[in-house]
Amino acid sequence: MPFIGCQFYDRESQKGCNFSRAMLKDAIFKSCDLSMADFRNASALGIEISHCRAQGADFRGASFMNMITTRTWFCSAYITNTNLSYANFSKVVLEKCELWENRWMGAQVLGATFSGSDLSGGEFSTFDWRAANFTHCDLTNSELGDLDIRRVDLQGVKLDNYQASLLMERLGIAIIG
Numbered sequence: 014m015p016f017i018g019c020q021f022y023d024r025e026s027q028k029g030c031n032f033s034r035a036m037l038k039d040a041i042f043k044s045c046d047l048s049m050a051d052f053r054n055a056s057a058l059g060i061e062i063s064h065c066r067a068q069g070a071d072f073r074g075a076s077f078m079n080m081i082t083t084r085t086w087f088c089s090a091y092i093t094n095t096n097l098s099y100a101n102f103s104k105v106v107l108e109k110c111e112l113w114e115n116r117w118m119g120a121q122v123l124g125a126t127f128s129g130s131d132l133s134g135g136e137f138s139t140f141d142w143r144a145a146n147f148t149h150c151d152l153t154n155s156e157l158g159d160l161d162i163r164r165v166d167l168q169g170v171k172l173d174n175y176q177a178s179l180l181m182e183r184l185g186i187a188i189i190g
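Take the sequence shown: its position 67, counted from the start at 1, is 80 in the working numbering, and no numbers get skipped.
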């Protein structure tokens with residue numbers, strides 16, 4: 014059963030809903046206010062969060078992963094068109110997930126892994142690129158904020174021409190044509 018247009022944030026108390034340790038496998042949240050929600054240690058494989066507000070939401074310890082063996086797993090999450098400003102994704106594994114057109118301003122990502130995910134169309138202002146793994150991600154059409162290509166492993170990352178020229182200009186390299 015999807016949650017559509019639901020309010021999970023209490024403006025008076027400024028508290029979000031407690032989903033900690035919840036079984037949220039394949040849960041769907043569309044156009045909901047999930048601000049300050051506590052998703053810590055939730056089982057969230059296949060979760061869909063789209064067109065939502067999730068400022069300050071805490072995803073630490075949430076699992077978007079299906080463990081097949083100790084060395085084999087896959088992740089599944091669809092978090093799109095959502096405001097994730099100041100959300101906490103510390104040490105979260107979101108590999109090869111659909112994470113496009115989100116606002117990541119000030120999000121905490123220390124130790125997180127986004128490798129292979131689609132982060133296209135995102136807004137990454139006030140964001141610490143060095144804190145997490147973004148290898149093989151699609152970053153096209155994203156506002157990359159203060160991304161310093163000298164300090165971040167961008168192996169396999171997809172960028173568009175405009176982004177590449179901006180990043181080169183920061184190094185003092187002029188792109189012609």
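Ideal placement from N, C-alpha and C gives every residue a C-beta, glycine not left out.
With residue i and residue j assumed to form a contact (beta carbons below 8 Å), what rounded beta-carbon distance in angstroms separates them?
{"i": "serine 63", "j": "lysine 43", "result": "5 Å"}
{"i": "phenylalanine 140", "j": "cysteine 110", "result": "Not a contact, Cβ separation roughly 17 Å."}
{"i": "glutamate 61", "j": "tyrosine 91", "result": "4 Å"}
{"i": "aspartate 166", "j": "threonine 153", "result": "The pair is not a contact, with the Cβ atoms about 18 Å apart (cut-off 8 Å)."}
{"i": "alanine 50", "j": "alanine 67", "result": "7 Å"}
{"i": "alanine 120", "j": "phenylalanine 102", "result": "6 Å"}
{"i": "cysteine 65", "j": "leucine 37", "result": "So it is not a contact: roughly 14 Å between Cβ atoms."}
Return helix, strand or coil for residue i, following the three-state DSSP convention.
{"i": "glutamine 168", "result": "coil"}
{"i": "arginine 183", "result": "helix"}
{"i": "glutamine 176", "result": "helix"}
{"i": "alanine 144", "result": "helix"}
{"i": "serine 33", "result": "coil"}
{"i": "glutamate 114", "result": "coil"}
By Cβ distance below 8 Å, which residues in the same chain neighbour residue i in space, the five residues on each side in sequence not counted?
{"i": "histidine 149", "result": "Ser128, Gly129, Gln168, Gly169, Val170"}
{"i": "tyrosine 175", "result": "none"}
Use the C-beta contact count for residue i: other C-beta atoms within 10 angstroms, 16 or more gives buried, fewer gives exposed.
{"i": "glycine 190", "result": "exposed"}
{"i": "aspartate 131", "result": "buried"}
{"i": "asparagine 79", "result": "exposed"}
Which residues in the same chain as residue i place their Cβ atom closer than 6 Å to its Cβ, once the five residues preceding and following it in sequence are excluded?
{"i": "tryptophan 142", "result": "Leu160, Val165"}
{"i": "threonine 85", "result": "none"}
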